[in-house]
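*Asks:* Protein chains in written order, with our numbering: chain V, 446 to 784; chain P, 6 to 332.
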Amino acid sequence: MLKIKLSKLPILFDALSDKNKLYIPADTKGGARFLQYENGMTMTKELNTVRSPKDLFFPQTENLMDFKLEGKKIEVIDTREECEDFVIFGVRACDVRSFEVLDRVFLSEPIDTYYKNRREHGVIVSLACNRPEETCFCSTFDIDCANPEGDVASYICGDEMYFEPLTEKGSELLLNLSCLSEGSEAPVYECKRNIYEIKSKLPLSTLSAEKFGKNMTEYFNSDKWDELSEACLGCGTCTFVCPTCQCYDIKDFDTGNGIKRFRCWDSCMYSDFTKMAHGNPRVSQKERFRQRFMHKLVYYPMNNDGLFSCVGCGRCLSKCPISMNIVKVMKKLGEGKDE
Amino acid sequence: MQEMMKKKAIELLQSGEVARVLGWKKGEFDYDITPAVFESAEEIENEFIYNSLCSPNLSKYLVKESRKEGKTLIFLKPCDSYSLSQLITEHRVIRENVYAVGIECYGKTDADTIKEKGIKGITKITENDGVLNIETLYGTEKIPVYEVLRERCVNCKSKKHPVYDELIGEEGETVDDCERFDEVAKIEAMTPEERFAFFRNELSRCIRCNACRNVCPACTCEKCVFDNDASGIAQKAASDSFEENMFHIIRAFHVAGRCTDCGECSRVCPQNIPLHLLNRKFIKDINELYGNYQAGENIGNRSPLTDYTQSDAEPNIVYERGGKDNA
Ligand code: SF4
Ligand code: SF4
Ligand code: SF4
Ligand code: SF4
Ligand code: SF4
């Protein structure tokens with residue numbers, strides 16, 4: 446266990462950012478957000494960021510390649526830049542799990558090299574949640590906010606911050622940081638004990654996902670989707686703030702003398718999602734709405750050894766303009782079903 | 006209030022006067038209220054809710070609901086009623102299929118506004134005499150509703166209902182000392198560079214989730230130009246860093262003269278972008294150039310931008326108002 450006084454954090458941030466790009470959750474007018482650290486920046490006191498850290502591995506838009514046209518010749522230009530090592534500091538346990546969810550999509554064959562490149566260069570310093578909020582339900586998916594995963598786990602205990610390397614990458618990161626000193630385990634135990642106490646009081650602590658990850662046809666045909674989706678605006682806020690939403694679209698922009706090929710986030714909530722020559726296969730908002738939740742709760746776990754593609758971060762709970770969300774869906778769909 | 010509304014809804018459902026009721030439904034916590042369609046007395050009894058947290062404007066749902074068989078009862082706060090009136094003017098809602106019940110309003114709050122005060126981990130909210138009693142995982146807080154009003158309610162333009170069949174509570178008046186344009190005036194006083202920087206900074210946070218557009222009662226196009234692949238400006242991928250800004254500028258133009266200043270766009274934005282400022286600038290300009298005009302104030306009113314009178318402002322006014330550099 447290594448530690449530092451909270452008041453000395455800037456020294457650690459400066460040291461880390463000397464070697465690598467460092468991202469920390471910082472306050473903006475739009476809520477907390479992972480921003481590249483610059484001297485003088487402080488870490489937010491908010492529990493979590495509005496946009497999730499998936500941005501750093503799977504950005505909202507990215508240029509995949511360019512094409513240059515010269516007469517009948519087409520030149521393909523690889524626009525990828527060599528990715529430098531970077532550190533993401535203060536990632537919550539739910540969001541750390543989201544990387545595993547994304548990995549299973551982007552790192553299975555055919556491997557997404559754009560994603561892989563960033564993933565390999567990223568070092569994750571997670572942070573235990575001392576003050577979880579009512580919208581948190583990570584424990585539903587067996588995520589322990591008192592024991593976050595990642596390359597290094599960190600804990601805030603009183604006026605000190607403790608660090609525990611969990612992987613080789615993590616140990617390497619903490620090597621030779623003279624601002625850190627050796628600390629005992631006791632304060633960290635105490636910190637975890639407090640977290641468990643609050644966790645047991647969370648209003649969603651009893652929410653179970655046992656009923657999901659199976660019975661696909663039954664859920665698909667449930668008559669509850671009408672009611673659940675009736676107020677949905679089809680806006681896509683839930684998908685854009687979600688750390689595990691992974692759908693994208695690829696588009697070409699005509700630059701006048703060539704083409705820029707972009708990839709950008711897409712949302713199953715949109716009317717032109719997976720649009721093909723004949724149109725969108727999901728013609729109504731109900732079908733699009735159903736897709737989002739079926740994917741998280743049923744399709745994904747069925748294809749991924751029971752791993753759910755919701756991590757209980759609660760972002761969609763607090764950001765949906767009409768307060769419809771995955772918890773309401775789980776409760777309603779699960780009504781009267783045996784576990 | 007809630008009890009009177011429930012009684013009214015059940016009465017009209019049971020008499021067959023209306024086939025469904027558009028209202029607000031209880032959530033998981035006390036604040037996460039969802040717009041909902043109720044079809045039976047039982048649903049109303051168990052799930053209908055009305056309190057200071059019922060922020061969502063229900064009017065836009067009538068575009069769909071008023072095309073269904075039978076009448077739809079809708080409860081309208083004053084600002085929602087302006088939206089409905091505008092929607093009727095634009096022939097987007099079928100008036101005959103609507104039973105509008107206006108409700109008095111002292112202002113609304115929501116979870117975001119409460120949480121901005123540092124109140125986190127909310128497990129229960131009850132309301133008594135205009136004071137919210139908020140239980141959280143970390144203690145109990147008492148806060149008067151007026152301290153956590155949304156911006157649109159602090160600057161509420163009117164307590165009047167331009168359209169209703171029936172009222173519950175007192176009918177109010179337009180709020181003549183409303184200060185909603187003060188913020189706009191401040192921005193107008195900036196230099197063009199400052200103004201540009203101000204909006205660039207605000208709009209740069211946009212994640213283009215489209216919540217503002219999709220919630221907007223003035224945005225009811227069957228196919229938005231930004232969803233139309235063939236338009237060449239379809240959404241999703243920002244081709245450069247100005248694209249998001251352009252989206253908002255175009256949207257502000259599209260709703261100019263029709264935006265009732267209902268405040269929904271700013272309410273829903275997950276990035277806290279003060280979108281109402283753009284629309285209010287248009288409203289203020291229209292007021293100054295064509296005489297006071299409030300969209301939604303009367304059904305059938307023609308917006309100055311789609312109407313012509315001989316006293317209309319001449320194009321050179323832009324030049325005169327601040328020189329071409331400011332235009
Ligand atoms: S579905 Fe909602 S709670 Fe689950 S991971 Fe996504 S944003 Fe978080
Ligand atoms: S569930 Fe909510 S956030 Fe998601 S698309 Fe529907 S209205 Fe938007
Ligand atoms: S703007 Fe006015 S009418 Fe609308 S909710 Fe606020 S106080 Fe009520
Ligand atoms: S709601 Fe906010 S973030 Fe979403 S598109 Fe509108 S301005 Fe952008
Ligand atoms: S632009 Fe905003 S304030 Fe104006 S009508 Fe639309 S949602 Fe309401």
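We treat Cβ as the ideally placed atom computed from N, Cα and C, and that holds for glycine.
What is the C-beta distance between SER449 (chain V) and CYS624 (chain V), in whole angstroms, given that I count them as a contact (C-beta under 8 Å)?
*Replies:* The question names Ser, but residue 449 (chain V) in the sequence shown is Ile. Correct: roughly 6 Å between the Cβ atoms.
*Asks:* Just grab the DSSP bridge partners of LYS785 (chain V) for me.
*Replies:* In the structure as shown, chain V starts at 446 and stops at 784, and residue 785 (chain V) therefore has no counterpart that could be examined.
*Asks:* Between VAL103 (chain P) and ligand 4, is the CB less than 7 Å from at least one heavy atom?
*Replies:* no
*Asks:* LEU142 (chain P) versus chain V: which residues are under 9 Å apart at the beta carbon?
*Replies:* ARG576, PRO577, GLU578, GLU579, ILE643, LYS646, LEU647 and PRO648
*Asks:* I want to verify the contact list: residues of chain P whose CB lies under 7 Å from the CB of GLY681 (chain V), in sequence order.
*Replies:* CYS214 and ASN215
*Asks:* Quick check on this structure: which residue in P:LEU81, P:ASN250, P:ASN303 and P:CYS211 has the alpha carbon closest to the alpha carbon of ARG478 (chain V)?
*Replies:* P:CYS211
*Asks:* Sorted by chain position, which residues of the same chain lie with C-beta nearer than 8 Å to TYR468 (chain V)'s C-beta, five sequence neighbours on each side aside?
*Replies:* PHE479, LEU480, GLN481, TYR482, PRO498, LEU501, PHE531, VAL532, ILE533 and PHE534
*Asks:* For PHE258 (chain P), is the classification buried or exposed, using 16 other Cβ atoms within 10 angstroms of its Cβ as the cut-off for buried?
*Replies:* The residue in question, PHE258 (chain P), is exposed, as its Cβ has fewer than 16 Cβ neighbours within 10 Å.
*Asks:* Buried or exposed, going by whether 16 or more other CB atoms sit within 10 Å of the CB of ASP540 (chain V)?
*Replies:* Looking at its Cβ environment, which holds 16 or more other Cβ atoms inside 10 Å, ASP540 (chain V) is buried.
*Asks:* Under 8 Å between the Cβ atoms of VAL103 (chain P) and ILE173 (chain P)?
*Replies:* Result no, Cβ atoms of VAL103 (chain P) and ILE173 (chain P) do not sit closer than 8 Å.
*Asks:* For ILE173 (chain P), list the residues DSSP reports as bridge partners.
*Replies:* Under DSSP, ILE173 (chain P) forms a beta bridge with P:ILE108.
*Asks:* Could you have a look at VAL220 (chain P) and say whether DSSP puts it in helix, strand or coil?
*Replies:* Here VAL220 (chain P) carries a helix assignment [DSSP, helix/strand/coil].
*Asks:* Compare the Cα-Cα distances from LYS113 (chain P) to each of P:SER236, P:ASN62, P:GLU47 and P:TYR313 and report the closest residue.
*Replies:* P:ASN62
*Asks:* Checking 8 Å against the spacing of the C-beta atoms, do GLU140 (chain P) and LYS129 (chain P) come in under that value?
*Replies:* yes
*Asks:* Please give me, in chain order, every unbroken run of the beta strand (DSSP E) with length at least 3 that falls completely inside the segment 451-483 of chain V.
*Replies:* Listed in chain order, they are 466-473 and 476-481.
*Asks:* Under the criterion of a Cβ to heavy atom distance below 7 Å, does ILE767 (chain V) qualify as lining ligand 2?
*Replies:* Checking every heavy atom of ligand 2 against the Cβ of ILE767 (chain V), one is found closer than 7 Å.
*Asks:* Where does GLY75 (chain P) sit, in a helix, a strand or coil, going by DSSP?
*Replies:* coil
*Asks:* Of all the options P:GLU248, P:LYS164 and P:ASN160, which has the alpha carbon lying nearest to the alpha carbon of GLU109 (chain P)?
*Replies:* P:LYS164
*Asks:* Taking 7 Å as the cut-off, does the CB of LEU678 (chain V) come closer than this to any heavy atom belonging to ligand 2?
*Replies:* yes
*Asks:* Can you check whether the C-beta of PRO197 (chain P) is within less than 8 Å of a C-beta belonging to chain V?
*Replies:* Closer than 8 Å: no.
*Asks:* Which runs of the beta strand (DSSP E) spanning at least 3 residues fall entirely within the segment 526-565 of chain V, listed in chain order?
*Replies:* Listed in chain order, the complete beta strand (DSSP E) runs (minimum 3 residues) inside the segment 526-565 of chain V are 531-536.
*Asks:* Nearest-angstrom Cα distance between THR494 (chain V) and GLU529 (chain V)?
*Replies:* 23 Å
*Asks:* Span of the beta strand (DSSP E) holding GLU609 (chain V)?
*Replies:* 605-610
*Asks:* Compute the minimum distance between the beta carbon of VAL686 (chain V) and the heavy atoms of ligand 1, and state whether it is under 7 Å.
*Replies:* yes
*Asks:* Using a threshold of 7 Å, is the CB atom of ILE771 (chain V) nearer than that to any non-hydrogen atom of ligand 1?
*Replies:* yes
*Asks:* How about GLU579 (chain V) and GLY123 (chain P): are their beta carbons less than 8 Å apart?
*Replies:* no
*Asks:* At a cut-off of 7 Å, is MET714 (chain V) close to ligand 2 when judged by its beta-carbon and the heavy atoms of the ligand?
*Replies:* yes
*Asks:* What does MET510 (chain V) touch in chain P if you count any residue whose Cβ is under 8 Å from its own?
*Replies:* Residues of chain P passing the Cβ test: none, with the nearest at roughly 14 Å.
*Asks:* Using 8 Å as the limit for Cβ to Cβ distance, is CYS226 (chain P) near chain V?
*Replies:* Interface residue (Cβ-Cβ distance to chain V less than 8 Å): CYS226 (chain P) is not classified as such.
*Asks:* What does MET721 (chain V) pair with, by DSSP beta-bridge criteria?
*Replies:* V:GLY724
*Asks:* Using 8 Å for Cβ pairs, my map puts TYR87 (chain P) next to THR265 (chain P). What's the rounded Cβ distance?
*Replies:* 4 Å
*Asks:* Can you check which of these residues, P:LEU282, P:ALA14 and P:GLU269, is closest to ILE54 (chain P) by C-alpha distance?
*Replies:* When C-alpha distances from ILE54 (chain P) are compared across P:LEU282, P:ALA14 and P:GLU269, the shortest belongs to P:ALA14.
*Asks:* Roughly how many whole angstroms lie between the Cα atoms of GLU178 (chain P) and PRO167 (chain P)?
*Replies:* Using only the alpha carbons, I get a separation of about 11 Å.
*Asks:* Please confirm whether ALA41 (chain P) has its beta-carbon closer than 8 Å to some beta-carbon of chain V.
*Replies:* yes
*Asks:* In angstroms with no decimal places, state the Cα-to-Cα distance between SER462 (chain V) and ARG525 (chain V).
*Replies:* Looking at the two C-alpha atoms, the distance is approximately 23 Å.
*Asks:* With respect to 7 Å, is the separation between the Cβ of ALA216 (chain P) and the closest non-hydrogen atom of ligand 2 below this value?
*Replies:* Yes, the beta carbon of ALA216 (chain P) sits closer than 7 Å to at least one heavy atom of ligand 2.
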